[in-house]
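Only one structure is covered here, and it is reproduced in the block below.
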Amino acid sequence: MKNKHPKVSLENLCGLFGFSRQAYYEAITRRNTELISNSIVLCLVSEIRKDMPFIGTRKLLHLLEPKLEEHTIKIGRDQLFNLLRFHGLLIRRRKKIARTTVF
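For the sequence shown, my numbering begins at 71 and goes up steadily by one.
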């Protein structure tokens, strides 16, 4: 919006949407830190998946926890699932087939 209306102050623009200037700048900072932390998590996931390509997300999170603490990144199970799903890195579940005959 600031690009389209350069003469209007940021405070007025934020007021139109019901936000304060502080909330606007906090959102920008939060988005930047989230992008950085997501890229770090994806790099760590790719490192682990090189050795164990079919490891599931829950076990992956368990292996990632010490490395994430070094980077002071907090990510939960559901957020990791969403991140991996968004980037197409989820492992497909194997179909459970009931064996009726044994040879």
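For glycine and all other residues, C-beta sits at the position ideal for the given N, C-alpha and C.
The structure displayed is predicted, hence computed values, not measured ones.
Item to complete: Out of Leu150, Gly126 and Thr127, point me to the one whose CA is closest to Ser109's CA.
Response: Leu150
Worksheet item: Run through DSSP, which three-state label would Val115 get?
Response: helix
Worksheet entry | Nearest-angstrom Cα separation, counted from Pro76 out to Leu131 | 45 Å
Item to complete: Give every residue of the same chain whose Cβ lies closer than 8 Å to the Cβ of Lys144, excluding the five residues on either side of it in the sequence, and list them in chain order.
Response: Leu138
Practice prompt. Please report the residue range of the alpha helix (DSSP H) in which Pro136 lies.
Written response: Thr127 to Glu140
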